[in-house]
Structure formats: C-alpha cells, structure tokens
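The sequence shown begins at 2 in my numbering and counts up by one.
Note that the Cβ used here is the ideal one computed from N, Cα and C, for glycine as well.
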Amino acid sequence: MGEEITVRTLEPGKLVAATHNKGKVSELRDLFEPLGFIVVSALDLDLDEPEETESTFAGNALLKARAAVEATGAPALSDDSGLAVTALGGAPGIYSARWAGEPRDFYRAMEKVEAELKDIGAVDRSAKFVCALAVAWPDGSEAVFEGEVHGQLVWPPRGDRGFGYDPMFVADGETITFGEMDPARKHAMSHRAAAVAKLKAALLS
Ligand SMILES: O=P(O)(O)OP(=O)(O)OP(=O)(O)OC[C@H]1O[C@@H](n2cnc3c(O)ncnc32)[C@H](O)[C@@H]1O
Ligand SMILES: [Mg+2]
Numbered sequence: 002m003g004e005e006i007t008v009r010t011l012e013p014g015k016l017v018a019a020t021h022n023k024g025k026v027s028e029l030r031d032l033f034e035p036l037g038f039i040v041v042s043a044l045d046l047d048l049d050e051p052e053e054t055e056s057t058f059a060g061n062a063l064l065k066a067r068a069a070v071e072a073t074g075a076p077a078l079s080d081d082s083g084l085a086v087t088a089l090g091g092a093p094g095i096y097s098a099r100w101a102g103e104p105r106d107f108y109r110a111m112e113k114v115e116a117e118l119k120d121i122g123a124v125d126r127s128a129k130f131v132c133a134l135a136v137a138w139p140d141g142s143e144a145v146f147e148g149e150v151h152g153q154l155v156w157p158p159r160g161d162r163g164f165g166y167d168p169m170f171v172a173d174g175e176t177i178t179f180g181e182m183d184p185a186r187k188h189a190m191s192h193r194a195a196a197v198a199k200l201k202a203a204l205l206s
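Here you go:
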C-alpha cells in the first residue's frame, strides 16, 4: 500500500484541497494547517468536479489532484476515500459517495449498507475506511499515499459529528462511533490521518 510514484518535497504554502466534500475540507484543514499550509478548497475556488472514472481509490485520487493542478497551477492535494464492508465484498468502496444518491444523503447510504447486511444475514459486521491522498505538483510530478482504519458497523447510527458514514462506524478499540467522537480524536486514528502520516514522512522535511 501507499505507492510513492515520485518523491519530492512539499513546501509549506498554498495547497489546493481538490475536493468538493465539506467534511473532508474541514478535516484536511485541521490536518494540514498546523503544518504551515494555507488550504484553499475546490469549493472555495468553484472548480469543476471531475468524473471519477478510475477503479481504485489511488487512481481516483490522482485524477482529482491532476484536474485541480491543471485548473489552478498550484500544488493540489486530493482525497479519495470510502467504506469497505467485509461481508459485502468491499462495497461500497470507491462507490461510497455514489451510494448516497443525488442530492447526497448519507442516512440513505447507511440504510443501504444495513439493508444489504440484513439481506445476506451477515454476522460479520467488520469494515474499514480507506483513504488515498494524492499530491500533484505544477511540474507534473505526483505522489499517492493510502491509510486505513478497521472497525465494526453499528445500527442505528449514532452521533452528528464527522460526515458520511461516521455515525455507523466504531473503530477497533473504541466504544463510540466516529459520529460521536471529538474531531481531534478522530484525527488521531482515522484512515485520513494514517495517509497524512505517510505523506508527512515522505514529503515534508
Ligand atoms: O470526491 P470529492 O470531491 O473529494 O468528495 P466525495 O464526497 O465525492 O468523496 P469520495 O469520492 O472520495 O467519496 C467517498 C465517500 O466516502 C465517505 N467517507 C470518506 N471518508 C469518510 C470519513 O472520514 N468518514 C465518513 N465517511 C467517509 C464519504 O461519505 C465520501 O462522500
Ligand atoms: Mg467524489
């Protein structure tokens, strides 16, 4: 995991968060601003949302970072992530956002996960969140890092913090869902934090 395609350093400065997801923007700000970056999001810049045509988290992350660097000329950081449920063969996986429909409704997406587990009478409620973070520089170099966090799915969902599938996910060793957790605590253990740690080790001096 975590294929580093090219290694170069990331100089603190303006970083475009190539995402249209407010929950991710907020988490990427929390994770990168203490490192000296000024995080400007694709939402702030009103960038087009590219179609996610790749078949892996890393592929879609690279596609989003490339689109943002081309549009802005500034280094871009993207995040492709999702929930992979063991008993569902890794679904919804790269389709995690699409399971919420349009307009996105994550209660509906969580209900769909629960309904599919019920349909197959699943006893195994284990799942993991996966995050691929990609960085693309104006000179065409790029890098991608992956992180995961393993846990169990609960029903009904609990908590109104975080975003997406957080209210139904309890990380291993925890008793509360990510939806109930203080954001700083989620940042210490999440799939996104694990990917950020790899990125820091490789790209920040
Ligand atoms: O593509 P961008 O613009 O970044 O925004 P998106 O919401 O479409 O993001 P993805 O394509 O990566 O889809 C991943 C979905 O997986 C879910 N997800 C990712 N990280 C999560 C987290 O930390 N907690 C809960 N759900 C998460 C979330 O609902 C996302 O919408
Ligand atoms: Mg998306």
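query	result
Alpha-carbon to alpha-carbon, T20 and A137	13 angstroms
Rounded straight-line distance, which links the Cα of P51 to that of K15	21 angstroms
Inter-residue Cα distance where the pair is A75 and F38	12 angstroms
Inter-residue spacing [alpha-carbon to alpha-carbon] between V131 and S82	5 angstroms
7 angstroms Cβ shell around V155 - same chain, five flanking residues per side excluded	M169, V171 and T178
Presumed contact (8 angstroms Cβ cut-off) between F58 and A133, rounded CB distance	4 angstroms
Under 8 angstroms between C-beta atoms of A85 and D125	no
Contact set, ligand 1 heavy atom to C-beta under 5 angstroms	T20, H21, N22, D81, S82, G83, S97, A98, G165, Y166 and D167
Spatial neighbours of L204 in its chain, beta-carbon cut-off 8 angstroms, leaving aside the 5 residues before and after	V8, R9, T10, L11, V136 and A144
Identity of the residues DSSP links to G40 by a beta bridge	What sits at residue 40 in the sequence shown is Val, not Gly. DSSP output for V40 lists L16 as bridge partner(s).
Alpha helix (DSSP H) segments (min. 4 residues) lying fully within the stretch 143 to 205	184 to 190 and 192 to 204
Beta-carbon proximity list for V26, same chain, < 7 angstroms, skipping 5 on both sides	A18, T20, S42 and L44
Per-residue DSSP class, three states only, for P93	strand
Distance CB(E53)-CB(L64) smaller than 8 angstroms	yes
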